[in-house]
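In the working numbering, the protein residues as written are 176 to 439. Below: the structure, in C-alpha cells.
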C-alpha cells in the first residue's frame with residue numbers, strides 16, 4: 176500500500192458526464208465544470224433543450240457536446256456513456272442530476288407514479304454507476320457526484336416517493352463509498368436544501384397550497400429564501416476539484432435567511 180497518489184490529470188483530460196442537464200442543478204453544474212476546463216457531455220430526455228447549453232459553453236471557450244439519455248433505460252444509459260467516450264474519451268467525472276417531482280401523500284399517490292419516482296431518483300443512479308464506475312475502477316481514478324436532498328433526513332409531507340428515493344440514494348452512496356475505498360474513486364453527495372428550479376413549478380394551485388400549508392405546519396419554510404442552481408454547482412465543482420488524497424463525501428447547501436433589519 177502506497178500513501179502517495181498519482182498526479183491528478185490535467186482538467187482538460189478529465190471528461191465529465193452530466194445527466195439532467197436540460198435545466199436546474201444539472202445545467203448549472205455542466206456550465207461550472209466547463210468553466211473549469213472539463214470537456215463536458217450533457218445528457219437529458221429533453222435533448223432539444225441541450226443545444227442552447229452547448230452553445231453557451233462553447234461561446235465561453237469551453238468544450239461540450241450533447242447526447243440524449245433516458246436514465247430510466249439501461250440501454251439508453253449505455254448508449255449515452257459509449258457516445259460520451261467517443262466524443263472525449265473515458266469519463267473521469269460523473270454528475271447524476273436527473274429528476275422530476277410529483278407531490279402527494281404516500282398512500283394517495285398512484286403506485287405507478289410512486290414507482291416512477293423511485294426509478295428516476297434511485298434506480299437510475301445505480302444504472303449510471305453500473306455503466307461508468309467499472310471503467311473508473313480499472314483506471315484507478317474518477318469522481319462521482321450524486322445530487323441528493325435534505326429531505327432524506329428531514330422528510331417533508333406530501334412529497335410522495337421523493338423522500339423515500341432520496342433516502343435510498345443517501346444510503347446507497349454510503350455503501351458504495353465503502354466499497355470503493357482504496358480504488359481511487361471518490362464518491363460524494365451534494366445535498367441541496369430548497370432550490371429554485373423547474374421542479375415543482377408545474378403544480379396546480381390546489382396542490383401547491385396543500386403542500387405549502389403542510390410544510391409550514393411541520394416547521395418547514397421558515398423564510399422565503401431559496402438557493403439558486405449555481406449555488407449547488409459551486410459545490411459540485413468543489414467536490415471534483417479536491418486534490419488527490421482528500422475528498423468531500425457530503426456537502427449540504429442551504430439557503431441563507433434574509434437579514435432581519437430589526438434583529439436584536
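Ideal placement from N, C-alpha and C gives every residue a C-beta, glycine not left out. The model shown is predicted, which means the values in this text are computed figures rather than measured ones.
Buried or exposed for residue i, please, with buried defined as at least 16 other CB atoms from any protein chain shown within 10 angstroms of its CB.
i, result
"residue 255", "buried"
"residue 341", "buried"
"residue 350", "exposed"
"residue 420", "exposed"
"residue 178", "exposed"
"residue 418", "exposed"
"residue 205", "buried"
"residue 182", "exposed"
"residue 187", "exposed"
"residue 345", "buried"
"residue 315", "exposed"
"residue 397", "exposed"
"residue 230", "exposed"
Compute the distance between the beta-carbons of residue i and residue j, then report whether it is under 9 angstroms.
i, j, result
"residue 245", "residue 212", "no"
"residue 323", "residue 364", "yes"
"residue 300", "residue 289", "no"
"residue 307", "residue 317", "yes"
"residue 321", "residue 362", "yes"
"residue 276", "residue 343", "no"
"residue 372", "residue 200", "yes"
"residue 367", "residue 400", "no"
"residue 203", "residue 405", "yes"
"residue 293", "residue 336", "yes"
"residue 312", "residue 192", "no"
"residue 369", "residue 332", "no"
"residue 423", "residue 407", "no"
"residue 285", "residue 279", "yes"
"residue 237", "residue 266", "no"
Can you pull the DSSP bridge partners for residue i?
i, result
"residue 192", "216 and 269"
"residue 293", "Answer is none; residue 293 lacks a bridge partner."
"residue 427", "366"
"residue 241", "217"
"residue 361", "318"
Pop quiz: residue i and residue j are said to be a contact at Cβ under 8 angstroms. What is the actual Cβ separation, rounded to whole angstroms?
i, j, result
"residue 235", "residue 210", "7 angstroms"
"residue 264", "residue 309", "Actually they are not in contact, since the Cβ atoms of residue 264 and residue 309 sit about 16 angstroms apart, beyond 8 angstroms."
"residue 248", "residue 224", "The pair is not a contact, with the Cβ atoms about 19 angstroms apart (cut-off 8 angstroms)."
"residue 228", "residue 258", "Going by Cβ atoms, the distance from residue 228 to residue 258 rounds to 16 angstroms, so no, they are not a contact pair."
"residue 207", "residue 411", "6 angstroms"
"residue 194", "residue 273", "5 angstroms"
"residue 216", "residue 262", "6 angstroms"
"residue 222", "residue 232", "Contact flag wrong, Cβ pair sits at about 16 angstroms."
"residue 161", "residue 243", "The structure shown has nothing for residue 161, since the chain only spans 176 to 439."
Quick check on DSSP: helix, strand or coil for residue i?
i, result
"residue 251", "helix"
"residue 330", "coil"
"residue 432", "coil"
"residue 279", "strand"
Taking only beta-carbon positions, decide if residue i is within less than 9 angstroms of chain B.
i, result
"residue 397", "Included in the structure is just one protein chain, with no chain B present."
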